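Novice:
Number of protein chains: 2
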Amino acid sequence: MGGRPRYLWVADLLRRPILNGELEPGSRLPSRSRLARTYGVSEQVSRHALRLLVSEGLVEAKPGSGYYVRTVPQIHRFSRTDRTSGSGVDPLGREDLGTCTETACGLVSRRLGMRDGVRVFRTRCLGTADGVPVALHTAWEPAALTQGTLRTPADADPAASVLQRLGAAGVVVDRVVEEVGVRPLREPESSLLHLAPGLPVLVVERTHYQGRRPVETSDLVGSIDHCRLLYRLSLARQPRQG
Amino acid sequence: MGGRPRYLWVADLLRRPILNGELEPGSRLPSRSRLARTYGVSEQVSRHALRLLVSEGLVEAKPGSGYYVRTVPQIHRFSRTDRTSGSGVDPLGREDLGTCTETACGLVSRRLGMRDGVRVFRTRCLGTADGVPVALHTAWEPAALTQGTLRTPADADPAASVLQRLGAAGVVVDRVVEEVGVRPLREPESSLLHLAPGLPVLVVERTHYQGRRPVETSDLVGSIDHCRLLYRLSLARQPRQG
DNA sequence: AAGTGGTCTAGACCACTAT
DNA sequence: TAGTGGTCTAGACCACTTA
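One line per chain: the protein sequences are A and B, in this order.
With the working numbering, the residue at position 87 of the first sequence is 76, and numbering never jumps.
With the working numbering, the residue at position 136 of the second sequence is 125, and numbering never jumps.
1) Within the segment 110 to 143 of chain B, note down every full beta strand (DSSP E) run reaching 3 residues or more, in order along the chain.
2) Please list, in chain order, all residues of the same chain as P228/B whose beta carbon is under 7 Å from its beta carbon, the five residues on each side excluded.
3) With DSSP as the reference, please indicate the residues paired to G82/B in a beta bridge.
4) Excluding the 5 residues flanking G102/A on each side, which residues of the same chain have their C-beta closer than 6 Å to its C-beta?
5) Can you tell me whether DSSP reads L42/A as helix, strand or coil?
6) Just to confirm, are A145/A and L139/A a CB contact at a threshold of 8 Å?
7) What does the alpha-carbon distance come out to for the pair G29/B and P6/B?
8) Between E168/A and L219/B, is the Cβ-Cβ spacing less than 8 Å?
9) By the criterion of Cβ-Cβ separation under 8 Å, what are the contact partners of I213/B in chain A?
10) Helix, strand or coil for P203/B? Go by DSSP, reduced to three states.
11) What do you reckon, are the CB atoms on T196/A and R100/A nearer than 8 Å?
12) So, with DSSP's three-state summary, where would you put S35/A?
13) Applying the 10 Å Cβ sphere with the 16-neighbour rule, what's the burial state of E2/B?
14) Taking just the CA atoms, how far does V123/A sit from L209/A?
15) Could you give the DSSP three-state label for T90/B: helix, strand or coil?
16) Who are the Cβ neighbours of S179/A in its own chain at under 7 Å, not counting the five residues just before and after it?
17) Give the interface partners of S98/A over in chain B, defined as CB-CB distance under 9 Å, in chain order.
18) What does the Cβ neighbour count give for R108/A, buried or exposed, with the cut at 16 atoms within 10 Å?
19) Give me the DSSP bridge partner(s) of G106/A.
20) Hey, out of G116/B, G156/B, D163/B, R221/B, whose CA is closest to V166/A's CA?
21) Sort out for me which residues DSSP pairs A50/A with in a bridge.
22) On a CA-only basis, which of W(-2)/B, V162/B, C216/B is nearest S223/A? Give me that one, please.
23) Shortest alpha-carbon distance to E84/A belongs to which of R36/A, F67/A, G55/A, G116/A?
24) Can you tell me which of the three DSSP states R(-7)/A falls into?
25) Here's a check: name, in chain order, each residue in its chain whose Cβ is nearer than 8 Å to the Cβ of A158/B, leaving out the five neighbours to either side.
26) If we require 3 or more residues per run, which beta strand (DSSP E) segments fall completely within the segment 160 to 209 of chain B?
27) With 8 Å as the threshold, decide whether the Cβ of R164/B is near any Cβ in chain A.
28) Run through chain A and tell me which residues come within less than 9 Å of S207/B, C-beta to C-beta.
29) If the cut is a Cβ gap below 7 Å, which residues of chain A does G46/B touch?
30) L24/B and Y57/B: beta carbons closer than 8 Å?
31) Output the boundary residues of the beta strand (DSSP E) element that contains S68/A.
32) Report buried or exposed for T70/A, applying the criterion of at least 16 other Cβ atoms within 10 angstroms of its Cβ.
33) So is P(-6)/A buried or exposed if we call it buried at 16+ other beta carbons inside 10 Å?
34) Using a Cβ cut-off of 7 Å, pull out every chain B residue sitting near Y283/A, in sequence order please.
35) In the structure shown, what three-state DSSP assignment does L222/A receive?
36) Mind checking which residues open and close the alpha helix (DSSP H) that includes R23/B?
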């Protein structure tokens, strides 16, 4: 077995017609045992090949039923511009998960430029498409900013954007910094999103600033199959940097 | 075996000390057979658990040697602002892979707002960190824009930004649109990046505009372990949208 | 009732690493 | 040379879907 692993060979044979469109999305692939018979390999090999295609996002396993060519999911674009900053899960249906107060720890307090132990509001909401959760937005802001007003995340109109709400509280947000990356899904996110822990997810760490002062920060965790980020930027004239 | 799969149990037992930092990065985990003996499971179960940790990015397998707690990789932030637009692999070392001409097809011609068959320059370069490739940048622009001048991607100073080069050719870029997503790595990218095909990668589809006309478009494909995108946006006053 | 995917056992050989 | 990870075989049971 010094050559190319056989499970890769089987996977190739299946991948080609999928990518070429010869196998329609939704159609069923040969079963584990059928593949083993037709290609003269063990069931473990065909299983390995099918799992690989699943991990590549081309195939979906339905226990008790079979392996199916994956239906191309609806893709949702989260729009970002230099004029607006949305409420977190903008192009999707929203399911509010409520606001609580907690004491800022480690990363959150650092992102808010505060020391540990300061009280913050934590607001969570789920972005849904056809009732299925595809993104989770968790936002933190110092409680001191709006406490006692009707502009706290808990009191204000949940449909309003952060910018509107904070603006009404006298906090003018003029800068946004977003850091985009990918990491494995963790608990408790995985429970809320109904996705397997360990699955890679798109993460946007966003911080809103008033001048140099951070006033709100949030994490957007989104399924890589459903979520895209769309940044539309107007460039200042005479750019100098390379 | 109706309960929780055993390989998940074994994986949990290993994951905890890794995330807690009790197992230093670089330290070796018990081998497949050793795990099987100590936890009273078959070797396939311990193997499954270890593969899971590898897929989660926590553990690295060195064939013939063992499984090791992964060293936290150096993270590179690709800086994006509303004032500049970099040359593709900015914070990294660059290895130019040359420019060729081809006829625009399907997606590329659509992104450039042209019909199929138009001639374009395709320029590729590799972003490297410590000599290891971590990002691949592929850019397309209509050949007609700069052909015959010294401002083609092949002739101009490769260290210059797209904005500088096109600006010198009389094409003033004033807008950028970037779409960020994650997808499995494909050939020939996987060969160039020395990463396994199927591995999820961060993808930025960037298009530069002069007014409404697209003048250059590119794909940045980056390892999710090494690459982050950093968007710093100044907000216009009086935002209206939610 | 038959078929399916998920999981599991108990073996095995190869190429490679460490000693 | 012993140990290791990658791959492979030939079985097996369970919960589930399909018919």
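We put the CB at the ideal spot given by N, CA and C, even for glycine.
None of these values were measured; they are calculated from a predicted model.
Specialist: Reading from the atomic positions:
1) The segment 110 to 143 of chain B contains these whole beta strand (DSSP E) runs: 121 to 131.
2) Confidence is the limiting factor: at P228/B the pLDDT is only 42, short of 50, which leaves the residue's position unreliable, though a coordinate-based value still follows. Closer than 7 Å at the Cβ level, and outside the excluded window around P228/B, lies no residue.
3) Paired residues: T117/B.
4) Here the set comprises P203.
5) Note: L42/A maps to helix in three-state DSSP.
6) Their beta carbons are under 8 Å apart, which means A145/A touches L139/A by this criterion.
7) 20 Å
8) L219/B sits close to E168/A, with the two beta carbons spaced by under 8 Å.
9) G170, V171, R172, P189
10) strand
11) yes
12) If DSSP states are grouped into helix, strand and coil, S35/A belongs with the helices.
13) The amino acid occupying residue 2/B in the given sequence is Leu; Glu does not appear at that position. With fewer than 16 other Cβ atoms within 10 Å, it is exposed.
14) 10 Å
15) strand
16) A185, P186
17) Chain B residues near S98/A: none, gap ~20 Å exceeds 9 Å.
18) exposed
19) The partner list for G106/A (beta bridge, DSSP) is empty, contrary to what the question assumes.
20) R221/B
21) Y56/A
22) V162/B
23) Answer by Cα proximity: G116/A.
24) coil
25) L134, T135, T138, R140
26) Runs of the beta strand (DSSP E) inside the segment 160 to 209 of chain B: 164 to 173, 189 to 199.
27) Interface with chain A (8 Å Cβ-Cβ cutoff): R164/B is included.
28) None at all; the shortest Cβ gap to chain A is about 14 Å.
29) P173
30) In this structure, L24/B keeps its C-beta atom at 8 Å or more from the C-beta atom of Y57/B.
31) 65 to 70
32) buried
33) exposed
34) The first residue shown for chain A is -10 and the last is 231, placing residue 283/A beyond what the model contains.
35) strand
36) 21 to 28
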